[in-house]
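Sequential numbering of the sequence shown, starting at 1, is according to full-length UniProt numbering.
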Amino acid sequence: MSVPLRAEPALDVAALVQRSRAPRRRRERAGRALAAIGAGAVLASMLAIPVFLLVELLPSTAVPDGTGERLGVLLTGTLKASVLAVLLAFPVGLAAAVHLVSFSTPLQRSRWRPVLDLLAAIPTVVLGLIALTWLAPWLQSRIATLLLLAAAVLAAVIASFAVCRPMLRARPARRPFVALAVGLAAGAGVIAWDPWVGAVAVDRPWNGVLVGLALGVAAVPLICTVSADALQRAWDRHLDAAAALGASRWQALRTLVLPAAAPGLAAAALLALGRCAGETMIVLMASGNTAIASVDPRDGLRSLSAELALSLPAAERGGALWHTLLIATLMLFVLSFACNLAAARLRARSA
1 MSVPLRAEPA LDVAALVQRS RAPRRRRERA GRALAAIGAG AVLASMLAIP VFLLVELLPS
61 TAVPDGTGER LGVLLTGTLK ASVLAVLLAF PVGLAAAVHL VSFSTPLQRS RWRPVLDLLA
121 AIPTVVLGLI ALTWLAPWLQ SRIATLLLLA AAVLAAVIAS FAVCRPMLRA RPARRPFVAL
181 AVGLAAGAGV IAWDPWVGAV AVDRPWNGVL VGLALGVAAV PLICTVSADA LQRAWDRHLD
241 AAAALGASRW QALRTLVLPA AAPGLAAAAL LALGRCAGET MIVLMASGNT AIASVDPRDG
301 LRSLSAELAL SLPAAERGGA LWHTLLIATL MLFVLSFACN LAAARLRARS A
């Protein structure tokens, strides 16, 4: 006599799949919630700064006497220091970015990137100390040498391109190396002539140029990094077209890549401008802290951030000085925010 087999219940595959997916979905929802909280915290922090400043300013509608003139002097000093820094740092950062993206090997790029990161990690107080103790005396005694060096290098490079034009037209890849060699030779000649040039006396400490040089060193890594990203995107778009036309890398760089990367390069300059506008220690240590509204690079200056660092400890909350410092803080925030917003839009155009 055979025993009938008992039927097994049907396996609900869909239910098993749903149960296995439930923990993963909970983890995904928790991750999205944490990400949303983090994004909200960043946005709230960004909005809290102007809200705090406006709340502190609204109870007192009366502007103290002389506030407008004082803030104008501080804004002039901030813009002068930032513009000088960008003018001095942008050619260096752009040249470094062009070399990294266009002419260096992957091994060279892997070695240069840590150098830029290390330069960006140097505390600005160290740069201010170097500018105050070493660069300021050297600049005051050797400013004539520096100006003659820049003029000699520029003139020598232009003359070399004029003399060697047929050879360089046939081999355009040699142009950067010819310019570098001629520039080094001209610089060596000027430095060798330094005892006579250094005898030229100057009657000003050139604080504006000093601050521009120190801030420029701090801004070079940012300019180089952003410019390199813009150039790399332009190379990726135009490399095949340039190769199909038979253009060399130098010709492609000059005629295709640099014009295409122009919005990204302008964004690099704006980001550096905003970064230099908010710098405190370098300006505080190397500017001379002379509150004068002068655009002469030989004169000293006082920036908005330096004024905050100097005057905030002595400001009484609710007083005239406190009111002036709040307006200065709001001006600095608006300036930095405008530079970053314009840079973001330019980078979006170049993407």
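Ideal placement from N, C-alpha and C gives every residue a C-beta, glycine not left out.
Predicted model, so just to flag it, every value in this text is computed and none were measured.
| Query | Result |
| --- | --- |
| Cβ separation of Ala219 and Cys276, assumed to be a contact under 8 angstroms, to the nearest whole Å | 6 angstroms |
| Ile282 classed as buried or exposed, judged by whether at least 16 other C-beta atoms fall within 10 angstroms | buried |
| Inter-residue CB distance, Gly93 and Ile223 (contact presumed, cutoff 8 angstroms) | 3 angstroms |
| Distance between Arg109 and Leu239 (C-alpha atoms, nearest Å) | 19 angstroms |
| Segment contact flag, the stretch 313-325 with the stretch 252-264, C-beta cutoff 8 angstroms, min 3 pairs | no |
| Ala131 vs Ala214 beta-carbon contact at 7 angstroms | yes |
| Spatial distance of Ser287 from Gly300 (CA atoms) | 5 angstroms |
| Among Ala243, Leu253, Arg298, nearest to Leu139 - alpha-carbon criterion | Arg298 |
| Contact under 7 angstroms by Cβ, Ala230 with Gly264 | yes |
| Rounded straight-line distance, which links the Cα of Ala261 to that of Ala268 | 11 angstroms |
| Spatial neighbours of Glu316 in its chain, beta-carbon cut-off 7 angstroms, leaving aside the 5 residues before and after | Trp322 |
| Terminal residues of the alpha helix (DSSP H) in which Val217 lies | 207-245 |
| Run of the alpha helix (DSSP H) containing Ile282, from where it starts to where it stops | 281-286 |
| Identity of the residues DSSP links to Leu301 by a beta bridge | Gly288 |
| Alpha carbon of Arg113 to alpha carbon of Ser227, nearest angstrom | 13 angstroms |
| Euclidean distance between Cα positions of Leu310 and Asp117 | 30 angstroms |
| Reduced DSSP category for Asp296 - H, G, I as helix; E, B as strand; rest coil | coil |
| Alpha-carbon to alpha-carbon, Ala266 and Cys339 | 11 angstroms |
| Beta-carbon proximity of Ala81 to Ser303, cut-off 7 angstroms | yes |
| Start and end residues, alpha helix (DSSP H) containing Thr324 | 320-350 |
| Close Cβ partners of Pro221 (< 7 angstroms) along its chain, the five nearest in sequence each way excluded | Leu116, Leu119, Ala120 |
| Ser141 in three-state terms, based on DSSP | helix |
| 7 angstroms CB neighbourhood of Val125 in its chain, flanking five on each side removed | Met281 |
| Identity of the residue in Leu335, Ala244, Arg233 nearest Ser350 by Cα | Arg233 |
| Counted within 10 angstroms of its Cβ, other Cβ atoms place Ser45 as buried (16 or more) or exposed | exposed |
| Burial state of Gly318 (16 or more Cβ within 10 Å) | exposed |
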